[in-house]
Amino acid sequence: MSNCVKVDYGILLFDKAFMKIEIISGSPRHESVTVRVAKFLHKFLSETTTHEVNLLDIRDFPLPSIQKVWTSLEAVPEEWKHLGERIFSADAFILVTPEFNGGYSPALKNLLDHFPKQSRKPFGVVTASVGAMGGMRASQQMLLLVAAFFGVVSPQMLVTPLVDKKFDAEGNLLDESFQRQVDSFVKEYLWLAESLVK
Numbered sequence: 004m005s006n007c008v009k010v011d012y013g014i015l016l017f018d019k020a021f022m023k024i025e026i027i028s029g030s031p032r033h034e035s036v037t038v039r040v041a042k043f044l045h046k047f048l049s050e051t052t053t054h055e056v057n058l059l060d061i062r063d064f065p066l067p068s069i070q071k072v073w074t075s076l077e078a079v080p081e082e083w084k085h086l087g088e089r090i091f092s093a094d095a096f097i098l099v100t101p102e103f104n105g106g107y108s109p110a111l112k113n114l115l116d117h118f119p120k121q122s123r124k125p126f127g128v129v130t131a132s133v134g135a136m137g138g139m140r141a142s143q144q145m146l147l148l149v150a151a152f153f154g155v156v157s158p159q160m161l162v163t164p165l166v167d168k169k170f171d172a173e174g175n176l177l178d179e180s181f182q183r184q185v186d187s188f189v190k191e192y193l194w195l196a197e198s199l200v201k
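Residue numbers (my numbering): 4 to 201.
Have a look at this one:
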């Protein structure tokens, strides 16, 4: 974090501390549609806030099943050091997950399990599905997961049904009516994050 800066994301205007936000796209699939939402949020938050917003695509970090928790950056193996630097330096997270058989992405949980609890850090929850429910069941489980990490979750989630119809492969919004849900999610998430990160 650095000195306070003026933050204007088109919804509210506050003087808040600079944050480093990691958006984690949690689908390991080569033809992921979940990543479309993550790309959109990355671009949207980068353009409408002065925070540093990064996109972490889980496909770039094919971790083995967890054997031990990396309790510090020094404990992270060299091949995963870049990942460790990003996780340990993040002030806030947005977790974007598909729904697999009614649950969140195991690959996403495996990545997070490699690191210590993210105590008191703000989290946003985003789910995506090509179906009509948008990953609603996974979203409820994500609330419990964030609590287990001692994180603080924004109650306003972004549930994305028919994701392949709402975003193209580059993360561009195709359904303009969905911007309203995005705005509600971003407003509540940033209020929480900017209140916690000082």
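Backbone N, C-alpha and C define an ideal beta-carbon position, used for all residues, glycine too. None of these values were measured; they are calculated from a predicted model.
When the Cα atoms are used, what is the spatial distance from residue i to residue j?
{"i": "Gly105", "j": "Gln143", "result": "10 Å"}
{"i": "Tyr192", "j": "Gly29", "result": "19 Å"}
{"i": "Val99", "j": "Ser198", "result": "22 Å"}
{"i": "Pro80", "j": "Arg183", "result": "42 Å"}
{"i": "Phe96", "j": "Ser35", "result": "20 Å"}
Examine chain D for any beta-carbon lying closer than 8 Å to the beta-carbon of residue i, and answer yes or no.
{"i": "Ser132", "result": "The structure shown contains no chain D; it is built from a single protein chain."}
With a 10 Å radius around its C-beta and 16 neighbouring C-beta atoms as the bar for buried, classify residue i as buried or exposed.
{"i": "Asp178", "result": "exposed"}
{"i": "Leu86", "result": "buried"}
{"i": "Gly138", "result": "buried"}
{"i": "Gly134", "result": "exposed"}
{"i": "Glu82", "result": "exposed"}
{"i": "Ser75", "result": "exposed"}
{"i": "Tyr12", "result": "Note that Tyr12 scores 45 on pLDDT, short of 50, meaning its location in the model is unreliable; the coordinates nonetheless yield the value given after this. Tyr12 should be labelled buried."}
With which residues is residue i paired in a DSSP beta bridge?
{"i": "Arg43", "result": "Note that residue 43 is Phe in the sequence shown here, rather than Arg. For Phe43, which the question treats as bridged, DSSP gives no partner whatsoever."}
{"i": "Thr74", "result": "Paired residue(s): none; Thr74 is not in a bridge."}
Return yes when the Cβ of residue j is within less than 8 Å of the Cβ of residue i, no when it is not.
{"i": "Asp116", "j": "Ile61", "result": "no"}
{"i": "Leu187", "j": "Gln159", "result": "Note that residue 187 corresponds to Ser in the displayed sequence, not to Leu. Against a cut-off of 8 Å, the Cβ pair of Gln159 and Ser187 comes out as a contact."}
{"i": "Leu48", "j": "Val200", "result": "no"}
{"i": "Thr163", "j": "Val40", "result": "yes"}
{"i": "Gly174", "j": "Lys23", "result": "no"}
{"i": "Leu161", "j": "Tyr107", "result": "no"}
Which full runs of the alpha helix (DSSP H) of 4+ residues lie inside the stretch 89-141, going along the chain? 109-116
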